[in-house]
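Engineer:
Numbering (this note's numbering), first residue to last: 74 to 530.
Structure (structure tokens):
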């Protein structure tokens, strides 16, 4: 049991019956619009369900629904060793947040467990809005250590947090303190011999014999000879060795620096790879927004990752995401235009016009938006097999009062609206024809109305 209440770095967590409330001063966040908090509505089985939020001038309150069979880790005694190991193992799953847009608070007030050892966190932060900042492996390891120590050693959280030196007589504490990665922590808590650790006992120096050794008096000349010999030996052997040792130390330091830099690079690559795994996993399950957030956080994407990011932009299907996809690759311009056309807004239309492309499929859409009907018709001839091009050409013929060509394309496309529109153009021409007699006009229009009726069915 982790008794007591311990301060959080940001905000406070309070439990009221089955509701958990996270409160944080608004000044400690980057909140601009309250809608940014709607991201918390996404469900995650590792967290309690988000309920609602309130925002006033000074504070943000976020409410979560506590599941009834879960209790705060600090409030329940855990005496079963197997249960401790299961809780610890499940707790380390929090590593999955690394590289995502989400964060959390590694603190006993924010961790809940059930009788089976399942773990859930209450509050989930958003990296771009709410603290904490982006979770990193070193930070996560550091914050998990006192939780694990207090769980296994039945000590309070504050004492476990202070006990970060390898001077403890308990082997488990030393192993936890020495761990540098989540993998090492996982190996420690899953060790089958974990609860057979013995405390280390300081070794005692053997007692000196009470009978002193006999002392021998050495002649003064012999002592002087020994002293001179030692000095000579020092000059011949020790001094050169010291100089060589100094040089070797310098070389060793250089090698150590190289190894340190290589280690940093490898760690960076490892972190990027971990992020990439999260990104691909999010893409596979259809969480485009999550995948995009992670991909964008990786500096150097390979070609495969770039293609996946572009596809996620297209899947997200917002004006902003489609514009990003278009900027990343000309090969996706047609798909980008199709997405923007489907949004059918003024902003989407402007985004289409901003695309620089020689592809006729893109150019015909731009010509249509600009009302360049003759250009639309001309461009359609180069992509005659494209039904969208035929449709735009038919619409352009209607705008130019060419009902015959419009009807031809309308029949080819089996598009009743185009066919009806072309007949309406023909009716308007008849009504405007001053060379026709009124009864002649009436008869012609009657035939066209009958034809329209037949088309509509």
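Glycine included, every Cβ here is placed at the ideal spot set by N, Cα and C.
Short check: CB of residue 396 to CB of residue 367, under 8 Å?
Structural biologist: No, they are not a contact pair.
Engineer: Three or more C-beta pairs under 8 Å: does that hold for the segment 371-387 against the segment 245-253?
Structural biologist: Output reads no: the segment 245-253 does not touch the segment 371-387.
Engineer: Is it buried or exposed for residue 181, if we count other Cβ within 10 angstroms and need 16 for buried?
Structural biologist: Buried, because 16 or more other Cβ atoms sit within 10 Å of the Cβ of residue 181.
Engineer: Under the rule that 16 or more other beta-carbon atoms within 10 Å means buried, what is residue 358, buried or exposed?
Structural biologist: So residue 358 ends up on the exposed side.
Engineer: Hey, out of 439, 202 and 356, whose CA is closest to residue 104's CA?
Structural biologist: Per the Cα distances, 202.
Engineer: How close, in whole Å, do the beta carbons of residue 425 and residue 407 come, if the pair is a contact with beta carbons under 8 Å?
Structural biologist: The Cβ separation is near 11 Å, so there is no contact.
Engineer: Between the C-alpha atoms of residue 77 and residue 370, what's the straight-line distance to the nearest angstrom?
Structural biologist: For residue 77, the predicted model reports a pLDDT of 42, less than 50, meaning its position is unreliable and no value from the coordinates is stated.
Engineer: Considering only the beta carbon of each residue, do residue 495 and residue 471 sit closer than 8 Å?
Structural biologist: Yes, Cβ-Cβ distance for residue 495 and residue 471 is below 8 Å.
Engineer: In the structure shown, what three-state DSSP assignment does residue 88 receive?
Structural biologist: Note: residue 88 maps to strand in three-state DSSP.
Engineer: With a threshold of 8 Å on Cβ separation, who are the neighbours of residue 130 within its own chain once the five nearest residues in sequence on each side are excluded?
Structural biologist: Result list for residue 130: 99, in chain order.
Engineer: Is DSSP giving residue 152 helix, strand or coil here?
Structural biologist: Correct three-state label for residue 152: coil.
Engineer: Hey, residue 173 and residue 198: beta-carbon distance below 8 Å or not?
Structural biologist: No, the pair does not count as a contact, with Cβ atoms beyond the cut-off.
Engineer: Hey, could you find the ends of the beta strand (DSSP E) residue 197 is sitting in?
Structural biologist: First-last of the beta strand (DSSP E) with residue 197: 197-199.
Engineer: Going by beta carbon distance, what residues of the same chain come within less than 6 Å of residue 478, once the five residues before and after it are set aside?
Structural biologist: Once the five neighbours on either side are set aside, the close Cβ partners of residue 478 are 470.
Engineer: How is residue 145 classed by DSSP in three states: helix, strand or coil?
Structural biologist: The answer is strand: DSSP assigns residue 145 an E or B state.
Engineer: Helix, strand or coil for residue 96? Go by DSSP, reduced to three states.
Structural biologist: Residue state, collapsed to three classes: strand.
Engineer: Does the count of Cβ pairs from the segment 206-222 and the segment 121-128 closer than 8 Å reach three?
Structural biologist: With a cut-off of 8 Å, the segment 121-128 and the segment 206-222 do not count as touching, because too few Cβ pairs lie within range.
Engineer: Whole-angstrom Cβ separation of residue 442 and residue 465, contact assumed at under 8 Å?
Structural biologist: At roughly 10 Å, the Cβ-Cβ gap does not stay under 8 Å, so residue 442 and residue 465 are not in contact.
Engineer: Taking 7 Å as the cut-off, is the CB of residue 523 close to at least one heavy atom of the ligand ZN?
Structural biologist: With respect to the ligand ZN, the structure offers nothing, as it holds no ligand at all.
Engineer: With residue 225 as the anchor, note down where its alpha helix (DSSP H) starts and where it stops.
Structural biologist: First-last of the alpha helix (DSSP H) with residue 225: 210-226.
Engineer: How long is the line joining the alpha carbons of residue 418 and residue 497, rounded to whole angstroms?
Structural biologist: The alpha-carbon atoms of residue 418 and residue 497 are separated by roughly 27 Å.
Engineer: Taking the C-alpha atoms as reference points, what is the distance between residue 159 and residue 87?
Structural biologist: So the alpha carbons of these two residues sit roughly 26 Å apart.
Engineer: Just tell me which of 200, 94 and 140 has its CA closest to the CA of residue 109.
Structural biologist: It is 200.
Engineer: If you draw a straight line from the alpha carbon of residue 526 to that of residue 354, how long is it in whole angstroms?
Structural biologist: Looking at the two C-alpha atoms, the distance is approximately 54 Å.
Engineer: Between the alpha carbons of residue 448 and residue 422, how many angstroms are there, rounded?
Structural biologist: Taking the straight line from one Cα to the other gives about 18 Å.
Engineer: If we ignore side chains and look at the alpha-carbon of each, how far apart do residue 267 and residue 185 end up?
Structural biologist: About 23 Å.
Engineer: What is the rounded straight-line gap between the Cα of residue 142 and the Cα of residue 187?
Structural biologist: Distance between the alpha carbons of residue 142 and residue 187: 6 Å.
Engineer: Only counting the same chain, and skipping five residues up and downstream in sequence, which positions put a Cβ closer than 7 Å to that of residue 138?
Structural biologist: Cβ within range, chain order: 91, 92, 121, 122 and 124.
Engineer: Going straight from the alpha carbon of residue 453 to that of residue 463, what length do you get?
Structural biologist: C-alpha separation (whole angstroms): 6 Å.
Engineer: Please classify residue 450 as buried or exposed, where buried requires at least 16 other C-beta atoms within 10 Å of its C-beta.
Structural biologist: Residue 450 is buried by the Cβ-count criterion.
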